[in-house]
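Note sheet for the following structure.
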Amino acid sequence: MKNQLYILPLLIVFLLSSCNDDFLNRTPGADLNNETFWTSESSLEIYNNGIYNEAGNNGSYYFLLGYYNSPFASGYNGMGWEDCMSDNGAPKDSRLDKYQVIASGQRVIPDNPTQRGWRWSLLRRINFFLDNYDRTPIAEEVKNKYAAEARLFRAWFYFDKVKHFGDVPWIDKPLNTESDVLYAPRDPRSEVMANVLEDINFAIEHLPENWSSSETRFDKWVALALKSRIALYEGSFQKYRNQGGDAAKWFQEAVSASEVLMNEGPFTLYTTGDPQNDYNHLFRQLELEDISEVIAFRRYITGVNGHRFNGYQRAKANGLTKDLVEDYLAIDGKPIQLSSMYQGDATIEAVFENRDPRLRQTSLHPDDTEKYLLKNDYEAGPYPRFPGMTGGWKTTTGYTMIKYFDVDDFKKGYAKEENDAILFRLGEVLLNFAEAKAELGTLTQADLDKSINLLRDRVGMPHLTLDVELDPKYANEGLPAILVEIRRERRVELAYEGFRYDDLMRWAQGDELTKRVLGMRIDGDIQTQFPGANIVTTEVDGHQYIDVYAGSQFENRVFDPGKDYFFPIAKNVIAQNPAIEQNPGWGE
13 MKNQLYILPL LIVFLLSSCN DDFLNRTPGA DLNNETFWTS ESSLEIYNNG IYNEAGNNGS
73 YYFLLGYYNS PFASGYNGMG WEDCMSDNGA PKDSRLDKYQ VIASGQRVIP DNPTQRGWRW
133 SLLRRINFFL DNYDRTPIAE EVKNKYAAEA RLFRAWFYFD KVKHFGDVPW IDKPLNTESD
193 VLYAPRDPRS EVMANVLEDI NFAIEHLPEN WSSSETRFDK WVALALKSRI ALYEGSFQKY
253 RNQGGDAAKW FQEAVSASEV LMNEGPFTLY TTGDPQNDYN HLFRQLELED ISEVIAFRRY
313 ITGVNGHRFN GYQRAKANGL TKDLVEDYLA IDGKPIQLSS MYQGDATIEA VFENRDPRLR
373 QTSLHPDDTE KYLLKNDYEA GPYPRFPGMT GGWKTTTGYT MIKYFDVDDF KKGYAKEEND
433 AILFRLGEVL LNFAEAKAEL GTLTQADLDK SINLLRDRVG MPHLTLDVEL DPKYANEGLP
493 AILVEIRRER RVELAYEGFR YDDLMRWAQG DELTKRVLGM RIDGDIQTQF PGANIVTTEV
553 DGHQYIDVYA GSQFENRVFD PGKDYFFPIA KNVIAQNPAI EQNPGWGE
């Protein structure tokens with residue numbers, strides 16, 4: 013049976029000929045005749061299209077992130093860039109500096125709300141719908157589908173706010189203007205998240221398993237995937253940062269949501285039986301509707317909402333960090349410090365030898381330049397290429413990020429690329445399930461075999477077992493070896509999908525961001541080996557490694573646990589509302 017997959021409308025809603033499209037950009041309530049608008053199911057559909065459209069504006073909101081790029085703004089946004097503010101990525105480009113400002117502990121209090129800021133217009137749109145949809149003279153079951161859709165978005169909206177700010181005002185009634193929220197007090201996180209759980213449970217109960225009239229709307233499976241993500245985050249927060257909250261409740265919610273999706277959903281991991289390519293191929297699809305692993309995605313169409321992610325990925329110097337690369341296991345399933353099969357890092361070829369195949373499918377191996385149709389980039393000189401060198405695809409660390417890159421899509425040009433962006437996939441849900449079970453202390457080998465080990469089967473890696481040996485790299489963290497390995501699996505499987513920063517925050521591991529950002533090993537004279545390279549090395553264990561930010565503003569990295577786990581609230585918000593206090597540690 014063909015699995016039913018989902019295409020977000022976003023900008024595509026403007027193609028719906030049956031809609032009054034002008035309504036999508038109107039301020040809710042301003043131009044809408046509340047007495048005459050709510051007449052049919054079509055009214056509810058049209059209104060909610062506006063919610064999708066606003067939520068998908070990644071210039072304002074980050075929680076529904078695709079391949080949005082704005083080269084003429086202050087920087088790039090997009091799921092592929094989010095790991096640049098974690099210990100996974102190392103960009104060196106002025107329009108990516110905003111990520112390193114966060115990663116290096118150099119944030120300042122903004123004057124006005126930023127893209128990750130105190131923005132509430134979407135909530136106003138959602139609440140206006142929820143306050144009025146019941147006027148529509150149609151069956152309750154039909155009305156509830158659309159109410160569930162709106163409540164899913166409200167849950168997602170608030171989850172994003174709570175991640176960034178902690179306590180926030182819970183508002184479930186429409187506001188007269190967006191500025192009204194400036195005068196609302198902050199409610200305790202526990203109350204807000206209880207309401208989020210209520211919203212997402214309503215969505216799961218009332219959303220259909222598929223919309224018979226459309227593949228462009230969120231459904232029950234998306235709601236379950238979102239609940240799995242939210243509940244895992246909140247459980248971790250309560251355990252590692254709140255240290256007194258009801259972590260077990262949230263971990264169990266994550267397990268329950270994941271199990272329903274795993275057992276009842278029409279999804280399976282993408283595989284063709286090719287462990288050397290399947291993982292990479294998943295992220296290079298121009299069309300995702302026939303990919304069995306994908307639960308929800310953003311579609312891109314040239315001439316409607318094409319992007320330029322491949323082009324910017326190639327043009328802007330970035331690279332996997334040494335720390336991330338070293339987390340990929342050896343092919344025998346052991347950490348590199350424990351494996352006799354690890355070949356060391358004297359050459360870049362050696363780094364890839366006998367390693368988890370996902371490493372070579374995430375970072376470019378020198379022998380794969382022709383495979384990815386990049387041979388001409390490197391014919392005139394050595395591999396890899398660094399900033400300052402002539403020609404080629406530049407990398408800051410030596411480990412070029414190849415995940416997502418499709419040369420045919422790249423050749424289409426600015427705003428014409430069409431490869432779709434995954435929002436939810438089964439792989440994430442399997443990881444959520446395993447981690448939550450481990451946190452609850454109820455993880456069994458059978459649980460591993462239906463989660464982590466399915467991911468390993470795809471790439472031909474040995475199975476994870478409950479009696480796994482602790483990696484010496486993580487010996488000082490005080491965590492069970494099995495949890496260390498589940499976290500490693502998450503880092504590797506979800507690399508550059510935008511999860512790593514959030515994971516470090518929920519695990520209370522912000523100090524990971526204070527490490528020097530290193531790249532590949534380069535012993536000997538740099539200019540002899542890489543003429544023109546603008547790189548600096550530092551000694552580690554008797555060898556020289558690229559020190560990406562040496563001599564730059566991001567060299568000295570700090571993380572203040574008293575403030576840096578939350579974002580600051582903009583100055584104008586504090587000025588206009590005496591009831592809102594600045595987040596801890598951010599007082600001026």
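Per our numbering: the sequence shown = residues 13 to 600. Note that the Cβ used here is the ideal one computed from N, Cα and C, for glycine as well. Note that the structure is a prediction, hence the values are computed from the model and not measured.
{"query": "Among I414, F249, N69, whose alpha-carbon lies nearest the alpha-carbon of K175?", "result": "F249"}
{"query": "So, helix, strand or coil for R310, using DSSP?", "result": "strand"}
{"query": "On the CB-based measure, 16 or more other CB atoms within 10 Å of its CB, does Q565 come out buried or exposed?", "result": "exposed"}
{"query": "In the DSSP assignment, find the unbroken alpha helix (DSSP H) run with T540 in it and report its ends.", "result": "538 to 541"}
{"query": "Which residue comes first and which comes last in the beta strand (DSSP E) that contains L56?", "result": "Segment 53 to 67 is the alpha helix (DSSP H) holding L56; no beta strand (DSSP E) there."}
{"query": "Nearest CA to the CA of P103: which residue from G331, E481, D537, Y513?", "result": "G331"}
{"query": "Over the uninterrupted beta strand (DSSP E) stretch that includes A433, give me the two end residues.", "result": "433 to 437"}
{"query": "Measure the Cβ-Cβ separation of V267 and K462 and say whether it is below 8 Å.", "result": "no"}
{"query": "I'd like to check one pair, G522 with Y561: are the Cβ atoms closer than 8 Å?", "result": "no"}
{"query": "Would you call Y64 buried or exposed, if buried means 16 or more other Cβ atoms sit within 10 Å of its Cβ?", "result": "buried"}
{"query": "Could you give the DSSP three-state label for K406: helix, strand or coil?", "result": "strand"}
{"query": "Going along the chain, which residues of its own chain have a beta-carbon closer than 8 Å to the beta-carbon of D368, five neighbours each way excluded?", "result": "Y340, L341, A342, I343, V471, M473, V504"}
{"query": "S270 and F75: beta carbons closer than 8 Å?", "result": "no"}
{"query": "List the endpoints of the continuous alpha helix (DSSP H) containing I558.", "result": "Per DSSP, I558 belongs to no alpha helix (DSSP H); it is in the beta strand (DSSP E), 555 to 559."}
{"query": "Please report the Cβ distance between A167 and V234, rounded to the nearest whole angstrom; I am assuming they are in contact, meaning their Cβ atoms lie under 8 Å.", "result": "The pair is not a contact, with the Cβ atoms about 11 Å apart (cut-off 8 Å)."}
{"query": "Look up A587 in the DSSP assignment and say whether it is helix, strand or coil.", "result": "helix"}
{"query": "Kindly list the residues whose CB is nearer than 6 Å to the CB of Q112, restricted to its own chain and excluding five residues on each side of it in sequence; keep chain order.", "result": "F566"}
{"query": "Counting along the chain, where does the alpha helix (DSSP H) carrying G323 start and finish?", "result": "321 to 327"}
{"query": "Taking C-beta to C-beta, are L516 and L506 nearer than 8 Å?", "result": "no"}
{"query": "Pick helix, strand or coil for V552, following the three-state DSSP scheme.", "result": "strand"}
{"query": "Hey, how far is the Cα of P580 from the Cα of T126?", "result": "10 Å"}
{"query": "Taking DSSP as the reference, what is the three-state secondary structure of M91?", "result": "coil"}
{"query": "Output needed for L530: all residues of its chain with C-beta closer than 8 Å, excluding positions within five of it in sequence on either side, in chain order.", "result": "T333, K334, D335, T409, T550, V552, Y557, I558, D559, V560"}
{"query": "For R533, write down the residues that DSSP places opposite it in a beta bridge.", "result": "Y557"}
{"query": "What residue from D179, Y312, K328 has the CA that sits closest to P399's CA?", "result": "K328"}
{"query": "I'd like to check one pair, G323 with Y426: are the Cβ atoms closer than 8 Å?", "result": "yes"}
{"query": "By the 10 Å Cβ neighbour count, where 16 or more other Cβ atoms means buried, how is H377 classified, buried or exposed?", "result": "buried"}
{"query": "Whole angstroms is fine: what's the gap from Q355's alpha carbon to F364's?", "result": "8 Å"}
{"query": "Using the C-alpha atoms, what's the distance from K423 back to I303?", "result": "24 Å"}
{"query": "I'd like to check one pair, E451 with I313: are the Cβ atoms closer than 8 Å?", "result": "no"}
{"query": "Is it buried or exposed for V154, if we count other Cβ within 10 angstroms and need 16 for buried?", "result": "exposed"}
{"query": "Please go through the same chain and pick out, in chain order, the residues whose beta-carbon is closer than 8 Å to the beta-carbon of V120, but skip the five residues on each side of it.", "result": "P580"}
{"query": "Our contact map puts D95 next to Y486 with C-beta atoms below 8 Å; I'd like the distance itself, whole angstroms only.", "result": "Incorrect: roughly 20 Å between the Cβ atoms, too far for contact."}
{"query": "Tell me the DSSP secondary structure of F84 in three-state form.", "result": "Because F84 sits at a pLDDT of 43, beneath the cut-off of 50, its placement in the model cannot be relied upon, and the point is left open."}
{"query": "At what residue ranges does the region 144 to 208 contain a whole run of the alpha helix (DSSP H), taking only runs of 4 or more?", "result": "152 to 177"}
{"query": "Where does R296 fall in DSSP's three states?", "result": "coil"}
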